[in-house]
Amino acid sequence: MLTDFLAALGTTLLSPWGLVLAVIGTLLGILLGAMPGVSSTMALAILLPISFGMDPHLAILFLLTVFVASVYGGSVTAILINIPGTPGSIVTQLDGYPMARSGRAGQALTYALVSSTLGGLIGLVALVLVAPLLAAAAMEFRSPEFTAVAVFGLVLLAYASPGSTIRGMMVGGLGLLCGMVGFDKLTDIPRFTFDSTALQGGIELVPLCVGLFGFAEVLKNVGAAGRSSGKSVMPAIGKVWPPMKELLSHWKTMLRGSLIGAGVGAIPAAGSAIAVAIAYAQEMRFSKRPDKFGTGVSEGVVAPESANSSSIGGTLIPMMTLGIPGDAITAVLMGSLLIHGLRPGPGLFANNPEFVSGVYSSFFLALILTLIVGLLLMRWVAWVTRIPSHILMVVIAVLCVVGSFAIRNTMDDVYIMLAFGVIGYLLNLLRLPAAPLAFGLILGPLLEENLRRSLILGRGSWEIFINSPIALTLLLMSAAAILLPLLAPWFVRLRNDLRRTYR
128 MLTDFLAALG
138 TTLLSPWGLV
148 LAVIGTLLGI
158 LLGAMPGVSS
168 TMALAILLPI
178 SFGMDPHLAI
188 LFLLTVFVAS
198 VYGGSVTAIL
208 INIPGTPGSI
218 VTQLDGYPMA
228 RSGRAGQALT
238 YALVSSTLGG
248 LIGLVALVLV
258 APLLAAAAME
268 FRSPEFTAVA
278 VFGLVLLAYA
288 SPGSTIRGMM
298 VGGLGLLCGM
308 VGFDKLTDIP
318 RFTFDSTALQ
328 GGIELVPLCV
338 GLFGFAEVLK
348 NVGAAGRSSG
358 KSVMPAIGKV
368 WPPMKELLSH
378 WKTMLRGSLI
388 GAGVGAIPAA
398 GSAIAVAIAY
408 AQEMRFSKRP
418 DKFGTGVSEG
428 VVAPESANSS
438 SIGGTLIPMM
448 TLGIPGDAIT
458 AVLMGSLLIH
468 GLRPGPGLFA
478 NNPEFVSGVY
488 SSFFLALILT
498 LIVGLLLMRW
508 VAWVTRIPSH
518 ILMVVIAVLC
528 VVGSFAIRNT
538 MDDVYIMLAF
548 GVIGYLLNLL
558 RLPAAPLAFG
568 LILGPLLEEN
578 LRRSLILGRG
588 SWEIFINSPI
598 ALTLLLMSAA
608 AILLPLLAPW
618 FVRLRNDLRR
628 TYR
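Just so we're on the same page, my numbering is the position in the sequence shown counted from 1, plus 127.
The structure is reproduced here in structure tokens:
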């Protein structure tokens, strides 16, 4: 395993374009992540079409460097102007911004960068150790098991969606319907095409993601034009390096946050936002000064940023081994693999082991380059936050249109992108999560094909799912995930009644 990793890393470094693309991806990731209103998902979505003409190894290298660097870039705006660049940076601003206001902006950025690098390395270790084992186990999966995996993933994505679980299920159901558009793979009969040739091939994941996460943000900013409360005052960067003793004293905080991030990130659809919230809460519990959190303590930056970066490795585990995206960003990344003819899942490890090693080495290189470039450009990258929003949105809109057209050189994909941009904007107005729609599109065909195949194998009997221990376990866990939130109020009332009765 180590030999394959080093060989892949050496190949990347020695290739004519490998290191160049990695550096460009890192720069673009940090710059886009540091722009207010541009999330990691959005950055990856608008740059995704650039990778279509690349070799698969170079494409994943470029996209992973953008991914990793944009996660750190999101902390720049959270710390300097109190605007989280990514969902995972929401918690970072609680202590990062007060640190910046007290004259420690540079130190807060360094804490975020170092913690992000260490967290990412621990996430990489988790990916390298867990992914091959899970992929080997998944090689034994048949149609009933994959059906149960798809159901479990859909339930978790709804359960982990921000706000109501029911709302997440509603949007996920819309994604399932989108996955049914086009020719039926078993009967070759067109469904939901409305006599449109553009829909006969189905709805492609990439234009959907570009519209849902990219163009929708443009529409959102256009709708919010004129309602800004004014310019944010950006504090001076000041001293960059904190005292080395103070930095090293946070190793336990970094380790705790990293382990939480990798573990939570591996849960399909959980994502970084949940990981950083748990890491922050746990650090408050372990801290000797929990009352100081929120006032500018360094632990309040270290814990969430460690979890934020380590969750990257965690989210790649279900995506690479089971074909289930860990979050919205890996859903976009999965679209790139599909464009290059690589189907994420257990077969990826069996049929393309050299590509898997390339993912590991690309992830490692992305972390190291983000650390180096982040330190070198720390004093200059902060000024990216001052780019006028209207200029930024025009550039993003152009990239969305050009990128969607470049997928298959047809305007059909542009129309699909624009349609889902409007849908994403409407979902935002209704306060509905957009990510479940992309998850539904990915998991819908997996669920439908394997469910129908299972019933064919079982001659129409549903007992085929009961006879499979793995499928039965996953289905029971799915049922529990749905029922427990519904039954929780009843259990609370029952417990309170029993306490009053037996006092």
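Each residue gets a CB set at the ideal place from its N, CA and C atoms; glycine is no exception. What you are looking at is a predicted structure, and each value in this text was computed from that prediction instead of being measured.
- From SER242, LEU155, PHE268 and GLY200, residue whose alpha carbon lies closest to that of LEU599: Taking only the C-alpha atoms, the option nearest LEU599 is PHE268.
- Extent of the continuous alpha helix (DSSP H) run through ALA393: No alpha helix (DSSP H) holds ALA393; DSSP gives it neither H nor E.
- Query: Which residues does DSSP pair with PRO317 in a beta bridge?
  - Reply: PRO317 pairs with PHE310.
- If you run the structure through DSSP and keep just helix, strand and coil, what is LEU554? LEU554: helix per DSSP, three-state reduction.
- Message: Between ALA239, MET266, LEU174 and ILE173, which has its C-alpha nearest GLY474's C-alpha?
- Response: Closest by alpha carbon: MET266.
- Query: Going straight from the alpha carbon of ILE451 to that of LEU613, what length do you get?
  - Reply: Distance between the alpha carbons of ILE451 and LEU613 is about 26 Å.
- Bounding residues of the alpha helix (DSSP H) (the contiguous stretch that carries ALA161): Per DSSP, ALA161 lies in no alpha helix (DSSP H) and is assigned neither H nor E.
- Message: On the DSSP letters alone, give me the boundaries of the alpha helix (DSSP H) that GLY328 sits inside.
- Response: For GLY328, no alpha helix (DSSP H) run applies, since DSSP gives it neither H nor E.
- Message: Determine whether the beta carbon atoms of VAL298 and PRO560 lie at a separation below 8 Å.
- Response: Taking a C-beta distance under 8 Å as the contact criterion, VAL298 and PRO560 qualify as a contact pair.
- Message: For the stretch 296-312 against the stretch 562-570, do three or more pairs of beta-carbon atoms, one drawn from each stretch, fall closer than 8 Å, so that the two count as touching?
- Response: Yes, the stretch 296-312 touches the stretch 562-570.
- Message: Going residue by residue through the stretch 374-446, where are the continuous alpha helix (DSSP H) segments of at least 4 residues, counting only ones entirely within it?
- Response: Listed in chain order, the complete alpha helix (DSSP H) runs (minimum 4 residues) inside the stretch 374-446 are 378-392 and 398-413.
- If you drop the 5 nearest sequence neighbours on each side, which residues of the same chain put their C-beta closer than 6 Å to that of THR320? Non-local beta-carbon contacts of THR320 in its own chain, meaning distances under 6 Å to residues more than five positions away in sequence, involve LEU326 and GLN327 in chain order.
- For THR442 and LEU335, the rounded distance between their alpha carbons: Between the alpha carbons of LEU335 and THR442 lies a gap of roughly 20 Å.
- Item | Contact set for ALA235: own chain, Cβ-Cβ below 6 Å, skip 5 residues either direction | Closer than 6 Å at the Cβ level, and outside the excluded window around ALA235, lie ILE206, GLY223, MET226, ALA227 and VAL428.
- Task: Taking TYR407 and ALA393 to be in contact with their CB atoms under 8 Å, please state how far apart those CB atoms are, rounded to whole angstroms.
- Result: Not a contact, Cβ separation roughly 19 Å.
- Query: To the nearest whole angstrom, what separates the beta carbons of GLY215 and GLY200, a pair I think is in contact under 8 Å?
  - Reply: Between GLY215 and GLY200, the beta carbon gap of about 11 Å keeps them out of contact (Cβ cut-off 8 Å).
- Message: Rounded to the nearest angstrom, what separates PHE490 and LEU155 at their Cα positions?
- Response: Near 16 Å, if we compare the C-alpha coordinates of LEU155 and PHE490.
- Query: Who are the Cβ neighbours of LEU545 in its own chain at under 7 Å, not counting the five residues just before and after it?
  - Reply: Cβ within range, chain order: GLY338 and PHE342.
- Message: Cutting at 6 Å between CB atoms, please list the residues of its own chain near ALA632, excluding the five before and the five after it.
- Response: Given that the chain is displayed from residue 128 to residue 630, the structure contains no residue 632 and the question cannot be resolved.
- Determine the contact status of LEU332 and GLY548, defining contact as a CB-CB distance below 8 Å. Annotated as distal: LEU332 and GLY548, with beta-carbon spacing of 8 Å or more.
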